Structures are given as C-alpha cells and as structure tokens.
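Note that the UniProt record's numbering gives residue 40 to position 40 of the sequence shown, counting from 1, and the numbers run on in steps of one. Have a look at the structure below before the remarks.
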Amino acid sequence: MAAIVPSVDGMTELRVVGAREHNLRDVTVALPKHAFTVVTGVSGSGKSSLVFDTIAAESQRQLNETFTTFVRNRLPRYGQPDVDAIENLSAAIVVDQKRLGGGPRSTVGTVTDIYSLMRLLWSRAGRPFAGYSNAFSFNDPQGMCPRCTGLGTARTIVVDELIDRSRSLNEGAIRFPTFQPGGWMWRTFADSGLFDLDKPLAEYTPAEWDAFLHGAPDAPSAKYEGLLPRFERIWLPKDADSLKGRTREAFERVVTQETCPKCHGARLSPEALASKVAGRSIAECAAMEAEDLLAFVRTLTEPEPVVAGLATQLRRLVSIGLGYLTMDRPTSTLSGGESQRVKMVRHLGSSLTDMLYVFDEPSVGLHPDDVTQLVALLKSLRDKGNTVLVVEHDPDVIAAADHVVDLGPGAGQDGGQVVYQGGVAGLADTPTGRYLRHRPRIKENPRPAERFLEIRGATRHNLRGVDVDIPLGLLTVVTGVAGSGKSTLVHGFVPDAVSVDQSPIRGSRRSSPATFTGMLDGIRQRFAAANGVSASLFSANSDGACPRCNGLGVIYTDLAFLDPMVTTCEECQGRRFVEDVLRHTYRGHTISEVLDLSARDARSVFPDEPMLDRLVDVGLGYLSLGQPLNTLSGGERQRLKLAVELSRPGRTYVFDEPTTGLHPSDVAGLVELFDRLVAAGSTVVVIEHNLDVIARADWVVDLGPGAGRHGGRVLFQGPPAELARQPGSKTGRHLARLSG
Ligand code: ADP
Ligand code: ADP
Ligand code: ZN
Ligand code: ZN
C-alpha cells in the first residue's frame, strides 16, 4: 500500500455516494486519495459510467461553475451527473485515447513541448545565429518554409487526371464535376471565344494550349483565367473531408500531396535550416527517433537549463515506450494508445499536485514488457501527490494497484454494482479474482499450418525486406513491442483483408446497432405487417419521426472546439416518433420501446432474428438496439463490426488489438469467435499483446527486437508453445508465465 498522505483537513478518501448514471445501481465507493486505484469489471459493467461520466464529469462541471458567466456561456454545460454526493473531489485531468487533433501542424514535438525546447536550443546555440526561437517555428511566418507554409507537403494538380486530352470541351474534356459542359464554370471557357468547343484538346495549337491551362492576358473576356490558376484558387485550398460524393472522388484523384519541393519536407525557411547545433539542423534532429535524439542531446552542455529540460522530457518519452517516435511525426498518425501516452508525457512534466488523474486503459498497445514501465510512471504521478484512477483490465496493472474497485457482476442491467473494493490480495470470487487465479493455458495442439500467405521483401517504415509466412485458414497473432512494426506489416502487406478495426462509423449519430446490422428493416416490416400500415412509417426519415429531433430522441448542440452537448428531445421526450406511430405495437411493444431494448432482451420479441444472437456472441448483448453509435467505445465499435462479419465466411480478417476494452473473462469469448471464423474457412490475423490471445493462437509472428529502427525484424514464427520455449524472446518469456 502506498503511503497515504492526509490532506490538510485530514480527509484521505474520495467518496462517491449513490451514483446512478446509466446502469449504475446506487453505487457508493471510497477511493483512497494520493493512491493508485484500478477500476475493473467486465465490459459494459459501468466502469466508464462511474469514472468518466460521474467522477470526472462532476469535477469538470464544478470547475466550470467557478468561471464568470461570460466564460461559462462558452463552455459545454455538463449536466449534473445522477449521484447523491461526491466528497473530497479534486480537479480531474482525463488522459484518454482520443486521437490528438490539431491537423498537420501538430506533431509529437509540438504537443509534448519538446519542439519548443529545441527551438530555444537552436536560437541560443545555433550557428550561424538565426534570431529568436520563432525563427525555428514552422507555425510562425518568420520560420515557415514560404512554399508550403510550414506543412512540409505541397498540393499539386495532376493535370492528366484533371483533363482528358482525347475529348473536346463539348465532350467534357475537363474531368471535374463543376466543370461539366453547360455548367457555370465550363461557360467561362466556352464564352471566352478562345477555343473551338468541338476540337479535342490534343489538337490544340501551342498557343491555345497555353491559354487553356494558364490563361490569356489579352482575351476578349477579362474574366477568363485559365484552368490551372482557376482550379488552384478555388479548389486547391479545400479540405477533402468537407467535400462529398463525386466531387470528393474527383478531388482526391486530381489533387495529390507531395513532399514540398523547396524544404523537402523540413517545413522550415532556408535560414532556419542553415543554423546548426553540433553540426545538425533542427529539422534533422526532429526527424531522429526520441531515443537517438536523447543520445545527441546528452553530448551537449550549453545552455545548461535548456539541455537539461530537453533531456528530461525525452527521457519520459523513452521510458513510456515511445522512444521510437520522431518529433516531426504528425500526431494524426498516432494510434489511440500512442496518443494517450504522448498526453501522459505532457502531464508528467507538470508540477501541479493534488490533481485527480484519470486514465482509460493506458496499457493499450503496450507489450507486457513495457507495462512495468507504465506502472512505474503511474506511481510517479501518485508520488507527486496526485490521486490516480485507472480503468484497466491488464492483470499486471491490476496487480500493482493500491486499491481495486471491481464492478459487475455482469454487463448493462446485469452490472452496475460494486462487487469488490479493497486491496488486490482480497479479490476473491469475482470474475476478476477468478481470472487472476486461473489464467488460460497455452494451446498445445494448434491446427496444423499447411498453406501460407507468403509475404516477401516487405519494406516500409521500419520494415526492411522482411519475409513472413501467414498460414491460410488459421488464427495468427502478430506480437512485438510497440513500434516494432506490427501495424505496418499487417495493414500494409496482408492483401485483400477485411480490417475489423476501431475506427469511427460514418454517420454514427444517426446509426445504431439496429441500423448498422440491417436488423431495423426486418423490424419495420414486422411492425407494418402487424398493424396493416406502411413500413416506412417506422423510419427516422419519414413523417412518422419526431419533427424536432428527426427521430434521434436527442438534440445535439455543436460547440466549436468541444464535444457536442446532447440533451433529450423535449417534444417526444426521447421517444423519437410522433404519437400516431407510437400507437402501433408489435407483441406489446412500441417501436420506441423496441429501440430501447437490449439485444439480449430483444431476442424474446424477435426470436428468429439471428443478428441478435451474434450481438450477444460478441459480448454486446447489453447494447440497446437504438443506442447511437457515436456513444460506443472503440472496442465496442470493433465488436459490432465483427458481429456483422460473422455471417460472411471464407475471408481474410485483420484485427488490431481487439481486446481493447474487454475484461479478461470476455477475452475467452472473443477467442471463441476467432475460432468460429476459422472453422468457417477464414484466415484471421490479430495484432495483440494480450497473453491470453497469444496463448490460444495457432501461429505467432513475433517482431522486434526493439521499436522503430531497432525493430522491424521477424524474431519468431511458429506455434505459441514453441515461442514460450525460446529463451531469448521477450514475448516468449511472458508467455511462459502461462504454462506454469
Ligand atoms: P464499461 O466502461 O464498464 O464498459 P459503461 O459505463 O460504458 O461500461 O456502460 C455501462 C452501461 O451503460 C452499458 O449498458 C452501456 O451500454 C450504457 N451506456 C454507456 N454510455 C451510455 C450512453 N451515453 N447512453 C446510454 N447508455 C449508455
Ligand atoms: P507497432 O504496430 O508494432 O506498434 P508500427 O507499425 O505502428 O508499430 O510502427 C513501426 C515503425 O513505423 C515505428 O518506427 C513507427 O514510428 C513508424 N511508423 C508507423 N506509422 C507511421 C506513419 N504513419 N508515418 C511515419 N512513420 C510511421
Ligand atoms: Zn516547404
Ligand atoms: Zn424528438
């Protein structure tokens, strides 16, 4: 047990009394302050509802109350969580897995402040001397490359994608929707009087060609501008994500991103790039892996405080298992787990104390070998006088906790209660306690590997010509420390694979498990047949839907930089449909009631709907049929996609850390699903650190030995029992713990 430092008033516990958010059943817990607490329990048991939606939300709400009305009106109004009292609450800092936004100007260096220290270093010690530290900022006009304005990439128009030279203007030679014959944009060419509208472009004279592409200064119509300048002005600055349908397709075909020809991707002005510290430019150093940059910084002595600060912050990045990241890496390319650890580095540098740090599964993406380091960092946050609250399933993190809260016993309505709170040693007969005592064993008789998908000479990122064999029709798990190259290999080189990932689902506010799985069509048909009305009446796009919320039951208020605010629709009180529609029932339920049923409960109303069984199979039986998909976690989204895939045999599937968000007792069920896919003739390739999954594989591909340029090699491929016997293997050593 950690030393519990009593706060000034002698209070040593954060107490939550009578919490009732979502499925919580009057939960009362006492969390020791200045200690490291793990909240665990099966998926859907209510961990997030307690930790994020009650404790962190109340802290945020009270903090907002302290601002002036002016500021408060610009912040999201957090509803008061449904809880009787929270005592001794500190200001909460939530370190979650949401991707770090910030666009192309946000890099690992900028978000960790390491890059601002580097700018300071080059402005003080760089030769030739370049001025102030802003001269090294690619986000400042003083420092940015003038050609790409600091983006490192420049957009260019692929002329041969934009036009079809074999056609005339009348035949639609310009291959872009807004330039179609007869249209307004097209007319500026037609009305210019410069071109024969029936002559194919290939037959234009050099002068016509030049005028067509670049404009003609003495054209009769002063408005005539030339295709390229016009396209550059109107279309080039557009964001592809803001475009739709055919326009977007055409845009993505015509406009490409290329490394900036002037700075070659370094983002900075020639003056900034000329300035060197110990022979290196700031851009060269930003392109080094953190571990190598740290070694370089250690060779420097001046100016002492800047060098020391830089070394400290880099050491944190390395110690948290991110030593393979380069400072110039755009944050948009980081995984959820990497994003969370980068945020953690930011907070480790903070000198605030008595804060409440809240983490969401920080072990995601970490090899068991790096979990030890993670635990050490969580403890160092605690030892600085903070309270650390972690939602986690990893047995090694649970084992290291000062205090454990186990929620359950089941998910959804079957959960929401505290089944245990206290020290780890006392975890008795809860699903968590049982699991910790009985870990699964290594599969001794894997299915034989006969035919292989042969990957030869894979080269990308840190992979340099690697050869890998993936057995067809079996369950393969790809392992290795974070940054060793697993994602690069699997996503880049397993052809024709269906990737069942955690990425958001399009239009997720308007979709639900019922729409996503296609079940809603059948449900609407049944309502229609039972009531002798049209099925479309029960659609959120029909006149039957509540006109105020358009069938959503809730109203979203979008806030500029923050998550949108969600309130129940007052008109229909969350029931989504107009009264006339709610008069119709099927087996005693209105359509609104059906959408509120959990998948598990809906089985008795729709016994012949196989998709309901699949939802239960993937551990999502607790989701309600109408729950908007934007409220799902990444792990839940992934399992929902898996439920749909279970009905399509004979493919190749790729999963990236599918155990995210899953309690160990749910993991066994997930492995059974993989076995079902394999039994149906599919090839399943899984990126995982979870030892229980590795143990149950037919075949393991272990990458490493390190991360970044220290990784990218194949260390082992074969059955798991053999890997566990490899004396030199990190993964094997951890796996061997399961065979004892
Ligand atoms: P855990 O974090 O343990 O996986 P959650 O706290 O996310 O569990 O979920 C507990 C229950 O509350 C589940 O039945 C879940 O579907 C439900 N739930 C979670 N968020 C929402 C929401 N925004 N609206 C409605 N129900 C929700
Ligand atoms: P893993 O999946 O094992 O964590 P990755 O395949 O993500 O490893 O990373 C392997 C190497 O490739 C690392 O050095 C990483 O920094 C690099 N890398 C991965 N994705 C990108 C990217 N989008 N841009 C640049 N480098 C990348
Ligand atoms: Zn440039
Ligand atoms: Zn409504």
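Glycine included, C-beta positions come from ideal geometry on N, C-alpha and C. None of these values were measured; they are calculated from a predicted model.
Separation of residue j from residue i, as counted between CA atoms
i           : j    : result
C549        : R72  : 26 Å
A721        : L703 : 17 Å
E271        : R175 : 41 Å
L620        : L228 : 52 Å
S542        : F577 : 10 Å
L677        : P448 : 16 Å
I591        : V254 : 46 Å
S43         : R725 : 33 Å
P303        : A278 : 13 Å
L453        : S503 : 26 Å
H491        : H34  : 42 Å
S319        : P409 : 36 Å
S48         : G143 : 43 Å
R456        : L489 : 11 Å
residue 777 : L293 : Past the boundaries of the shown model lies residue 777; the chain is included only from 1 to 740, so the question cannot be answered.
E232        : V158 : 12 Å
D26         : G46  : 12 Å
Y586        : L662 : 34 Å
residue 796 : R316 : Nothing about residue 796 can be reported from this structure: the residues present for the chain run from 1 to 740 only.
H347        : D383 : 14 Å
E13         : N88  : 7 Å
T37         : G337 : 20 Å
V39         : L236 : 49 Å
G10         : V29  : Interpretation of G10 is limited by its pLDDT of 49, a score under 50 that renders its predicted location unreliable; no figure is taken from the coordinates.
I93         : T66  : 17 Å
W184        : Y224 : 13 Å
V701        : E171 : 54 Å
Close beta carbons around residue i, own chain, < 8 Å, minus the five adjacent residues each side
i    : result
T153 : P104, Q257, E258, T259, C260 and G265
G226 : A211, F212, L213, H214, G215 and A216
L100 : S106, V111, T331, S332, L334, S339, V342 and K343
Ligand 1 heavy atom lying under 8 Å from the CB of residue i
i    : result
V714 : no
D601 : no
Q417 : no
S624 : yes
G150 : no
According to DSSP, residues forming a beta bridge with residue i
i    : result
D656 : I687
Q80  : None; Q80 has no bridge partner.
S499 : V654
V700 : V477 and G718
S598 : S624
Q257 : R155
Y420 : D406
S43  : Its beta-bridge partners do not exist; DSSP assigns none.
P471 : F452
Residue i beta carbon near ligand 4 (any heavy atom closer than 8 Å)
i    : result
E87  : no
R147 : no
L552 : yes
R15  : no
C549 : yes
G544 : no
Own chain, CB closer than 7 Å to residue i, minus 5 neighbours either side, in chain order
i    : result
V616 : A599 and R600
V424 : I398, A399, A401 and V404
R526 : Y586
Closer than 8 Å: residue i CB and nearest ligand 2 heavy atom
i    : result
G265 : no
L294 : no
V390 : no
Residue i at chain D interface by Cβ criterion, 9 Å
i    : result
G553 : You won't find chain D in this structure, because it holds only one protein chain.
Cβ shell of residue i (< 6 Å), same chain only, five flanking positions each side left out
i    : result
L499 : Residue identity check: residue 499 is Ser in the sequence provided, not Leu. These residues qualify, in order along the chain: V654.
A85  : V17
R583 : none
E58  : P81 and I86
Ligand 3 heavy atom lying under 8 Å from the CB of residue i
i    : result
K262 : yes
Report yes or no: do the region 678-689 and the region 650-665 share at least 3 C-beta pairs separated by less than 8 Å?
Contact between the region 678-689 and the region 650-665 is present, because at least three Cβ pairs lie under 8 Å.
Touching or not, the region 56-70 and the region 420-433, by the rule of three or more beta carbon pairs under 8 Å?
Three or more Cβ pairs closer than 8 Å define a contact, and the region 56-70 falls short of that threshold against the region 420-433.
If we count Cβ pairs, one from each stretch, closer than 8 Å, do we get three or more for the region 312-331 versus the region 107-115?
Between the region 312-331 and the region 107-115 there are three or more inter-stretch CB-CB distances shorter than 8 Å, so the stretches are counted as touching.
Between the region 460-473 and the region 687-697, do three or more beta carbon pairs fall short of 8 Å?
No, the region 460-473 does not touch the region 687-697.
How about the region 359-372 and the region 388-406: do they share at least three Cβ pairs that are nearer than 8 Å?
Yes, since at least three Cβ pairs between the region 359-372 and the region 388-406 fall closer than 8 Å, the two stretches touch.
Contact between the region 625-643 and the region 502-516 is defined here as three or more beta-carbon pairs at a separation below 8 Å; is this criterion met?
Cβ pair count under 8 Å is three or more, so yes.
Should the region 418-426 be regarded as contacting the region 400-407, the criterion being three or more beta carbon pairs within less than 8 Å?
Touching, per the Cβ criterion.
Check whether the region 372-381 touches the region 344-361, taking contact to mean three or more Cβ pairs, one atom from each stretch, closer than 8 Å.
The answer is yes - the region 344-361 touches the region 372-381, with three or more Cβ pairs under 8 Å.
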